[in-house]
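Numbering (the working numbering), first residue to last: 11 to 192.
First the structure, in the form of structure tokens, and then the observations on it.
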Amino acid sequence: MRTMAVLATWSPVDPLLGVVAPLALAASVTTALVVDLDPDAPPLPVASTLAGLVERGPTRAELAPDRRGVAVLANGGISAEVAAPVVEALIEGWPHVALRVPERTHPLAACVPVLPLLPSEIVGDHGKAVYQRVAWSAATPPGSIILPRPSAAAVGAILALRRPLRGRWLRAWRRVWAASWV
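This is how it looks when you write it as structure tokens:
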């Protein structure tokens with residue numbers, strides 16, 4: 011049995027980070043799948059949905075990648091509980107899976123809080139987390155991963171689902187896969 015990498019991302023205070031985080035996490039590796047498990051969050055910018063995949067059943071080709079790059083499944087209005095068997099099958103077949111989840115705990119993966127690097131009075135205390143530097147940043151919380159400020163081009167590429175091939179910000183996301191989130 012080969013080892014799979016699956017992480018869930020959650021951004022309780024920043025909806026933009028909630029969209030960008032799983033896409034950037036997936037784009038930081040060679041091949042990955044992003045699955046949106048939050049039916050109430052802003053939709054990811056793709057036509058394929060998890061709800062549609064669950065309704066019709068996944069094909070063998072959808073259960074594993076046939077090329078390098080990032081594939082994305084928007085939510086489509088389905089709960090994580092209903093979609094769990096399909097999501098588990100996808101996790102089994104893909105080398106990396108980034109889940110966008112609506113809350114910190116999720117049964118299928120360790121959850122990574124992703125927050126802007128602002129004082130804890132503003133963002134709250136979420137323990138070990140990934141912090142995105144912003145124009146004005148606070149002190150670095152111990153044990154957390156601090157991402158450099160991204161360029162506008164990098165964020166634009168992520169939101170348009172174009173993979174930036176290099177860059178300090180995207181390389182920094184690789185550390186999230188290697189960290190212990192248990």
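We treat Cβ as the ideally placed atom computed from N, Cα and C, and that holds for glycine.
Bear in mind the structure is a predicted one, so any value in this text is a computation, not a measurement.
Give me, in chain order, the residues of the same chain whose beta-carbon lies closer than 8 Å to that of residue i; leave out the 5 immediate sequence neighbours on both sides.
{"i": "Pro158", "result": "Arg143, Arg178, Trp179 and Ala182"}
{"i": "Leu26", "result": "none"}
{"i": "Leu169", "result": "Val29, Val30, Leu33 and Pro55"}
Enumerate in chain order the residues of its own chain whose CB-to-CB distance from residue i is below 6 Å, with the five nearest sequence positions on each side excluded.
{"i": "Ala84", "result": "Asp46, Pro53, Leu54, Val56 and Thr59"}
{"i": "Thr41", "result": "Pro75, Arg78 and Pro105"}
{"i": "Thr13", "result": "Here Thr13 scores only 44 on pLDDT, less than 50, and its place in the model should not be relied on; the value that follows carries that caveat. Same-chain partners within the cutoff: there are none."}
{"i": "His116", "result": "Ala18"}
Quick one: what's got a C-beta closer than 7 Å to residue i's C-beta in the same chain, skipping five residues either side?
{"i": "Ser89", "result": "Pro49"}
{"i": "Gly86", "result": "Thr59, Leu60, Ala61 and Gly62"}
{"i": "Gly3", "result": "Residue 3 is absent from the structure shown; the chain starts at 11 and stops at 192."}
{"i": "Ala189", "result": "Ile155"}
For residue i, does the three-state DSSP call read helix, strand or coil?
{"i": "Met11", "result": "With a pLDDT of 33 at Met11, under the threshold of 50, the predicted position of this residue should be treated as unreliable, and no value is reported."}
{"i": "Trp179", "result": "helix"}
{"i": "Leu35", "result": "helix"}
{"i": "Val192", "result": "coil"}
{"i": "Thr19", "result": "strand"}
{"i": "Pro25", "result": "helix"}
{"i": "Leu169", "result": "helix"}
May I have the straight-line CA-CA distance separating residue i from residue j, to the nearest angstrom?
{"i": "Gly153", "j": "Val192", "result": "13 Å"}
{"i": "Ala108", "j": "Arg176", "result": "20 Å"}
{"i": "Val141", "j": "Leu118", "result": "Before going on, a small fix: residue 141 reads as Tyr here, not Val. For Tyr141 and Leu118, the distance between alpha carbons rounds to 23 Å."}
{"i": "Arg184", "j": "Ile156", "result": "12 Å"}
{"i": "Leu255", "j": "Val133", "result": "Beyond the ends of the chain as shown, which are 11 and 192, falls residue 255; an answer cannot be given."}
{"i": "Val44", "j": "Pro112", "result": "14 Å"}
Which ranges would you report for the beta strand (DSSP E) in the region 56-123 if only whole runs of at least 3 residues count? 79-83 and 106-110
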